[in-house]
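> To start, I am sharing the structure in question, which I have written as structure tokens.
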Amino acid sequence: MTDPISQKLLPDNSSVDTDGMLMIAGVRIDTLVAKYGTPLFVYDEAHIRSRCQQAVRAFGEGVSYASKAFLCTAMARLAYEEGMHIDVATMGEAHVALEAGVPASHLVFHGNNKSTTELQYAIENQIGRIVIDSFDEIDRLESLLGDSGDQIQALIRITPGIQASTHEYVTTGQDDSKFGFTVSNGLAEDAVRRAASSPCIELLGIHAHIGSQVFSLDSFRKAAEVLANLSNHFELPELSVGGGLGVAYLEEEQSLSIEEWGLTVKSVCDEAGVTARVTSEPGRAIVASSAVTLYSVGTIKELEGIRTYVAVDGGMHDNPRPALYGSGYETFVPGRVLDSRTSEITLVGKHCESGDVIVSQGYVPEGLAVGDILATPVTGAYGHSMGSNYNKVLRPAVVFVNGGTDRLVIRREMLSDLMNTDMG
Ligand SMILES: Cc1ncc(COP(=O)(O)O)c(C=O)c1O
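The sequence shown stops at residue 622 when you use our numbering, and every number in between is there.
Here it is as structure tokens:
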């Protein structure tokens with residue numbers, strides 16, 4: 199690897215200033231670092247908007263942004279402004295979306311084990327759709343609603359028996375899964391009948407989510423076929439294929455477009471004569487490549503003939519994906535974005551674990567030095583949202599850039615934040 203980082207891994211509105219400095223949406227990276235420090239997530243707002251628009255064009259009304267990928271009020275508001283509904287998987291995600299001003303009717307509440315408190319919250323806030331995941335959940339809903347005469351609107355999550363080729367931790371459509379009602383053993387049909395006959399539930403449709411970071415259109419096609427059959431059989435008005443569209447993180451990978459995904463799903467449903475509203479809930483495909491993470495190099499350790507460790511001020515607390523799934527990322531130096539990357543490094547964080555590796559095989563220009571800014575691209579999804587306070591680190595700030603201006607959407611944590619829940 200010697201080439202500069204390729205444009206396809208950078209946010210849409212990236213450009214290079216005359217001195218070789220990366221700019222995103224017209225804002226220089228060094229300006230952002232001087233203003234906000236590192237580690238820093240920088241999101242290209244217009245990039246996110248364009249992916250939301252693509253999703254709405256591909257799927258139409260009802261398409262949801264899966265907020266687990268990245269959520270703050272600015273993000274929820276943006277997705278809503280662009281016409282998306284919001285998929286939430288906990289009361290916490292629902293709370294943030296509601297605080298952002300997203301109408302409850304536009305929320306879709308997921309979860310394989312929603313607590314009674316969460317279901318009560320969904321009922322009280324009149325959340326648009328609850329995606330029912332188990333018979334126990336139906337029992338809980340019925341006992342909460344009792345004979346009030348009120349109904350919640352719901353979808354049934356099915357497990358279509360599709361083994362999507364992705365990391366086993368994020369495959370969810372196979373029969374052996376904690377999620378949903380299995381189709382192959384008849385539980386899915388039982389669940390639809392049970393929910394449809396419940397006085398507390400207005401059953402709107404069925405849902406499946408086969409996994410995340412899926413690159414095979416064939417897997418989506420097969421899942422859509424199973425959903426289409428069930429949907430037609432029960433004549434339900436809505437059908438959701440979940441999320442999961444794969445995104446390129448590495449130079450050799452190629453993302454699928456939201457449009458291709460939509461066309462694939464819609465053509466299966468059209469062929470099957472589905473009349474239900476067909477929708478989806480992408481997360482990663484909306485935000486992943488819209489952001490880069492900026493780090494400061496703190497230490498460089500050269501092990502002659504073995505490797506060069508470059509340690510930065512972030513790590514598994516701002517990006518746990520490499521440690522969790524072995525996910526790969528690229529590295530580059532935003533101040534020298536056009537330079538050849540001829541030097542191989544292993545990018546590590548500051549945590550007390552050897553597994554705290556952000557990029558096991560990264561490339562940077564020759565002469566990287568302590569104090570330089572180093573970046574990883576495609577960090578907009580499941581980085582900040584899966585981050586933690588491990589080792590009591592302070593979680594990084596998040597900035598949105600647009601049209602030459604920047605705005606802080608999540609401030610960097612302060613030491614006092616660590617005491618928020620500490621009862622002494
Ligand atoms: C039910 C459901 N829908 C949508 C998504 C979003 O997946 P992705 O970010 O891969 O598009 C997930 C991710 O786990 C999910 O569990």
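All residues carry an ideal CB built from backbone N, CA and C; glycine is no exception.
For clarity, every value in this text was computed on a predicted model and none was experimentally measured.
1) Could you spell out where the beta strand (DSSP E) holding I504 opens and where it closes?
2) To which residues does DSSP link I350 through a beta bridge?
3) Closest to L592 by CA distance: which of A292, V607, E611, G260 is it?
4) How should P518 be labelled, buried or exposed, when 16 other C-beta atoms within 10 angstroms of its C-beta is the threshold for buried?
5) Are the C-beta of Y319 and some C-beta of chain C separated by less than 8 Å?
6) Using DSSP bridges, identify the partner residues of G560.
7) What's the gap between the Cα of A302 and the Cα of L296?
8) Would the beta-carbon of Y561 fall within 8 Å of that of R539?
9) Check for me: the alpha helix (DSSP H) holding V293 runs from which residue to which?
10) Under 8 Å, with one C-beta from each stretch per pair, do the region 402–422 and the region 434–442 reach the 3-pair mark?
11) Return the chain-ordered ranges of every alpha helix (DSSP H) run that is complete within the region 453–484 and spans a minimum of 4 residues.
12) Does any heavy atom of ligand 1 sit closer than 7 Å to the C-beta of K266?
13) By DSSP's criteria, V599 is part of a beta bridge. Which residues make up the other side?
14) How would you write the range of the alpha helix (DSSP H) that V576 sits in, first residue to last?
15) Along the chain, where does the alpha helix (DSSP H) that runs through S429 open and close?
16) Mind checking which residues open and close the alpha helix (DSSP H) that includes Y677?
17) State the Cα-Cα distance for the pair V596 and Y278, rounded to the nearest angstrom.
18) Quick one, are the C-beta atoms of G602 and V214 less than 8 Å apart?
19) Any heavy atom of ligand 3 closer than 7 Å to the CB of E528?
20) Is the beta carbon of V485 closer than 8 Å to that of I246?
Let's see:
1) Taking the first residue of the sequence shown as position 1, residue 504 is located at position 306. That residue, I504, is in no beta strand (DSSP E); it is neither H nor E in DSSP.
2) Sequence index remark: in the sequence shown, residue 350 carries index 152 (1-based). I350 is bridged by DSSP to I399.
3) For the purposes of this step, residue 592 is taken as residue 394 along the sequence shown, with counting starting at 1. That would be E611, whose Cα lies nearest to the Cα of L592.
4) For this step, residue 518 is matched to residue 320 along the sequence shown. Answer is buried; the Cβ neighbour count reaches 16.
5) Checking the listed chains, one finds no chain C in this structure; it contains a single protein chain.
6) Locating residue 560 in the sequence shown gives position 362, counting from the first residue. For G560, which the question treats as bridged, DSSP gives the partners I543.
7) Reading the sequence shown from its first residue, position 104 is the one you call residue 302. Reading the sequence shown from its first residue, position 98 is the one you call residue 296. Cα-Cα distance, rounded: 7 Å.
8) If you number the sequence shown from 1, residue 561 lands on position 363. If you number the sequence shown from 1, residue 539 lands on position 341. Taking 8 Å as the cut-off, the Cβ atoms of Y561 and R539 count as close.
9) What you label residue 293 is simply residue 95 of the sequence shown in a count that begins at 1. The identity of residue 293 in the sequence shown is His, whereas the question assumes Val. Counting along the chain, the alpha helix (DSSP H) containing H293 begins and ends at 289–297.
10) yes
11) 456–469
12) On the sequence shown, position 68 is the one that residue 266 refers to. The answer is yes for K266.
13) As a first step, residue 599 must be located in the sequence shown, where it is residue number 401. V599 has D242, D604 as its beta-bridge partners, per DSSP.
14) In the sequence shown, residue 576 corresponds to position 378, counting from 1. That residue, V576, is in no alpha helix (DSSP H); it is neither H nor E in DSSP.
15) Within the sequence shown, numbered from 1, the residue matching residue 429 stands at position 231. Run containing S429: 415–432, per the alpha helix (DSSP H) assignment.
16) A query on residue 677 cannot be resolved here, the shown segment of the chain reaching from 199 to 622 and no further.
17) Residue mapping note: residue 596 aligns to position 398 of the sequence shown, counting from 1. Residue mapping note: residue 278 aligns to position 80 of the sequence shown, counting from 1. Approximately 19 Å between the Cα atoms of the pair.
18) Taking the sequence shown and counting its residues from 1, the one referred to as residue 602 is at position 404. Taking the sequence shown and counting its residues from 1, the one referred to as residue 214 is at position 16. No, the pair does not count as a contact, with Cβ atoms beyond the cut-off.
19) For the structure depicted, ligand 3 is absent and the ligand set comprises only ligand 1.
20) By 1-based counting over the sequence shown, the position of residue 246 is 48. By 1-based counting over the sequence shown, the position of residue 485 is 287. Yes; because the gap between Cβ atoms is below 8 Å, this pair is in contact.
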